[in-house]
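Since the structure comes first, as structure tokens, the remarks are kept for the end.
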Amino acid sequence: MWRYAVRRVLQMVPVLLGTTLFIYVLVFALPGDPIRALAGEKPLPDSVYQALRDHYHLDDPLLVQYGRYVFGVLFRGDFGETFNGQSVGQLIADSWTVTAQLAATAWLFELVVGMSLGVWAGLSAARRGGRGGGTRRGGFADAAVLGGTTVAIAIPSFVLAYSAQLVFGLKLGWFPTAGTDAGWPMSYLLPGMVVAAAELGYVARLTRTSLVENMRADYVRTAVSKGLPRHRVVVRHTLRNSLIPVVTYLGTQIGYFMAGSIIVEGIFNLPGIGHEIWLALQIKEGPTIVGIVTFLVLVYLFANLVVDLLYGVLDPRIRYD
Amino acid sequence: MTVTASPNPTPGAPLLAVDDLHVEFRPRGRTVHAVNGLSYELREGETLAILGESGSGKSVSAQAVLGLLDSPPAFITKGEVRFRGTNLLALPERRRRTYRGAKIAMIFQDALSALNPVHRVGDQVAEMLRVHRGLGRSAARERAVELLDRVRIPSAAARAGDYPHQFSGGMRQRVMIAMALALDPDVLIADEPTTALDVTVQAQIMRLLAELQDELSMGLILITHDLAVVADVADRIVVMYAGRAVEEAYVEDLYARPAHPYTEGLLASVPRVDRRSAALIPIPGSPPSLAAIPPGCPFHPRCPRARGRERCATEVPELRTVAERDEAARRSACHYAEEVLPDAVRTS
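So the protein lines, in turn, are chains D and P. Position one of the first sequence corresponds to residue 1 (the numbering used here), numbered consecutively onward. Position one of the second sequence corresponds to residue 1 (the numbering used here), numbered consecutively onward.
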């Protein structure tokens, strides 16, 4: 298992290099001149303009720029600096806690609500359909969850975000509408729910399907033949097996939530990573974009590694070699 | 070894009696008649084989006995399953559960899928004792190791911590048997216990089952499609066709003189070493669809003796006693069983 983990970490190096190069090229290809954009309406004196271009090595060939960047990251832990002189590393350090709190909130919602809905629907479907096959349609719970999640998946997150702000923030006044002043969890509950809403639907459906499939498994019939009470058949013998794919999915979601809440961070005015990347994109601030994306890729890769290792704990049939 | 039989609430009642059992499956408006009036009795310490092709209703009837069929789509429309005189089908689920595993245990064809892949085998055996007997974790584990040892799993104490996929097919079936025997059941139902195994392992498992049955003096119901398996271990046989019993006999009687044309056909279709030259004689046609069972005798479209006999196509034959040995010893569901019997005196 340790050898497997080490090998996986080593495999991350080419992935990381590839993604950063890709992002670097994309930023390089963005139209417009970042330095001129920086100055806005007032024309910049040529000497200042040239000094800034030199400072950021903007006139070097693409690969030289990229090589210098990678060298800095690898050997000096230096992610470069923003156009107003702030270190990108510091910028990530300042903003990632906000995003992490938002991601954790959304993830907890997804886990608790998504899995509960899935189990509720799955048991309802299994009760109707039976272990031996038959229909896959369930009772009220199943229909309600399937319908509700379809709606949640279909609504764009910005619609949901503004609606939530309006209803729960302004009309009902239960939650703050924006900012992080109220701290965790109050400031993060509303945006967390919005981020989780669509994803939660996938978790509920995955849980439901997996549970219904497993209800038909031979080992569930064995568990019944052993004279076990129903709750034990469901929890110990069916759920345990049904949750293996769900846990895998939830693991990959950690990375997704870290990266995927740009719009919601914007709407709720949360100074997180998504917010920073949004600002950086608007002024074509290459080092910031590349730095943040690199960070997110790292988070994603490590989350996946943890999931793969966890998979082996959950399912003893998995072997690492 | 002295055997203390459990108290019998209805003295004289057989250990297990299945009486006029009907099971239907109703998937999406269709009706499939899986079991159509099956009756048999199992006596204390006896091995009863239920023989039939796939689709004859043998597994469904066994699952109905234990209450493993999900409803829907399965419905038990008629009949009784009596354990020592108590009709299990009339019990509320909560009480019925106490019979499963404790009084009537079951082992299945494919032990790999029948065992839970994510739990250690020792825990799966121990679970029986923890749930039914309320044993503590360590006491249950200790007893589970004894059980694994009893079904001759080498170094049972170490292997109790392994998962099902780490065992060979034969060893997995032994784990299933250990689990089924955990509570000293009075009836063990073995549903094709050796079908998924290779021949040498099959013999070992059958021998183990026979030995354990003898030691524990339980009733064993052996469900199989394999005539060879039956011949070695069973006392009596029920032959099933299209969800009914068509013949019931002591093993040696059935082999020597079948009393139903279907049994006759089955015996003729088995390859035999001592009749090398003779070609196999298959039964013409195929078993009926359970959604459309022929009227009259369900076997009549395939039966060589039914030619031109209208009765076979119109009147459902009763399972009736055709020869005396002791009560219920020799029964056949053929209008012309007497005609089959004398014919069948083996020429070989």
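All residues carry an ideal CB built from backbone N, CA and C; glycine is no exception.
Neighbourhood of residue i by C-beta distance below 8 Å, restricted to the same chain and skipping five residues each side
| i | result |
| --- | --- |
| residue 291(P) | 30, 31, 32 and 33 |
| residue 176(D) | 169, 182, 186, 187 and 190 |
| residue 228(P) | 270 |
| residue 21(D) | 66 |
| residue 266(D) | 274, 275 and 278 |
| residue 185(P) | 101, 102, 103, 104, 105 and 218 |
Cross-chain neighbours of residue i in chain D, by beta carbon under 7 Å
| i | result |
| --- | --- |
| residue 165(P) | 317 |
| residue 98(P) | 227 |
| residue 114(P) | 218, 219 and 222 |
| residue 68(P) | 221, 224 and 225 |
Nearest neighbour of residue i, chosen from the options [CA to CA]
| i | options | result |
| --- | --- | --- |
| residue 203(P) | 216(P), 233(P) and 184(P) | 233(P) |
| residue 283(D) | 10(D), 6(D), 201(D) and 33(D) | 33(D) |
| residue 351(D) | 209(D), 319(D) and 58(D) | As displayed, chain D neither begins before 1 nor continues past 321, which places residue 351(D) out of reach and without an answer. |
| residue 139(P) | 151(P), 40(P) and 122(P) | 122(P) |
| residue 37(P) | 57(P), 187(P) and 283(P) | 57(P) |
| residue 178(P) | 85(P), 147(P) and 70(P) | 147(P) |
| residue 239(D) | 255(D), 220(D), 252(D) and 248(D) | 220(D) |
| residue 77(D) | 315(D), 291(D) and 225(D) | 291(D) |
| residue 225(P) | 15(P), 17(P) and 51(P) | 51(P) |
| residue 210(P) | 190(P), 90(P) and 75(P) | 190(P) |
| residue 230(P) | 124(P), 206(P) and 132(P) | 206(P) |
| residue 242(P) | 262(P), 92(P), 258(P) and 42(P) | 262(P) |
| residue 214(P) | 162(P), 200(P), 26(P) and 188(P) | 188(P) |
| residue 86(D) | 309(D), 261(D), 287(D) and 214(D) | 287(D) |
| residue 181(P) | 106(P), 250(P) and 201(P) | 106(P) |
| residue 161(P) | 171(P), 150(P), 152(P) and 145(P) | 145(P) |
| residue 38(D) | 205(D), 11(D), 319(D) and 84(D) | 84(D) |
DSSP state of residue i mapped onto helix, strand, coil
| i | result |
| --- | --- |
| residue 56(D) | coil |
| residue 230(P) | helix |
| residue 133(D) | Because the pLDDT at residue 133(D) is just 39, under 50, the model does not fix this residue reliably, and the value given afterwards should be weighed accordingly. Three-state result, residue 133(D): coil. |
| residue 283(D) | coil |
| residue 156(P) | helix |
| residue 248(D) | helix |
| residue 103(P) | coil |
| residue 48(P) | strand |
| residue 378(P) | Summary: the structure shown does not reach residue 378(P), with chain P confined to residues 1 through 348, and so no result is reported for it. |
| residue 183(P) | coil |
| residue 238(D) | helix |
| residue 202(D) | helix |
| residue 198(P) | coil |
| residue 87(P) | strand |
| residue 81(P) | strand |
| residue 69(P) | coil |
| residue 116(D) | helix |
| residue 349(P) | The requested residue 349(P) does not occur in the structure, where chain P is confined to residues 1 to 348. |
Within chain B, partners of residue i - CB distance below 7 Å
| i | result |
| --- | --- |
| residue 108(P) | Judged by its chain identifiers, the structure shown contains no chain B, and its protein chains are D and P. |
Contact check, residue i vs residue j, beta carbons under 8 Å
| i | j | result |
| --- | --- | --- |
| residue 165(P) | residue 232(D) | no |
| residue 237(P) | residue 254(P) | yes |
| residue 285(P) | residue 301(P) | yes |
| residue 223(P) | residue 113(P) | no |
| residue 132(P) | residue 76(P) | no |
| residue 115(D) | residue 235(D) | no |
| residue 141(P) | residue 226(D) | no |
| residue 110(D) | residue 199(D) | yes |
| residue 139(D) | residue 124(D) | yes |
| residue 337(P) | residue 259(P) | yes |
| residue 322(P) | residue 331(P) | yes |
| residue 120(P) | residue 153(P) | no |
| residue 247(P) | residue 239(P) | yes |
Cβ shell of residue i (< 7 Å), same chain only, five flanking positions each side left out
| i | result |
| --- | --- |
| residue 184(D) | 101 |
| residue 15(D) | 301 |
| residue 248(D) | 307 and 311 |
| residue 160(D) | 194 and 197 |
Cβ neighbours of residue i in the same chain (closer than 6 Å, five flanking residues each side left out)
| i | result |
| --- | --- |
| residue 305(D) | 8 |
| residue 30(D) | 284 |
| residue 268(D) | 178 and 191 |
| residue 130(P) | 140 |
| residue 201(D) | 149, 152 and 153 |
| residue 13(D) | none |
| residue 133(D) | Residue placement at residue 133(D) is flagged as unreliable, the pLDDT there being 39, under the threshold of 50; the coordinate-derived value follows with that caveat. So no residue of the chain qualifies. |
Chain-ordered chain P contacts of residue i [CB-CB under 7 Å]
| i | result |
| --- | --- |
| residue 240(D) | 118 |
| residue 237(D) | 116 |
Cross-chain neighbours of residue i in chain P, by beta carbon under 9 Å
| i | result |
| --- | --- |
| residue 232(D) | 127 and 131 |
Beta-carbon neighbours of residue i, restricted to chain D and to distances below 9 Å
| i | result |
| --- | --- |
| residue 101(P) | 225, 226, 227 and 228 |
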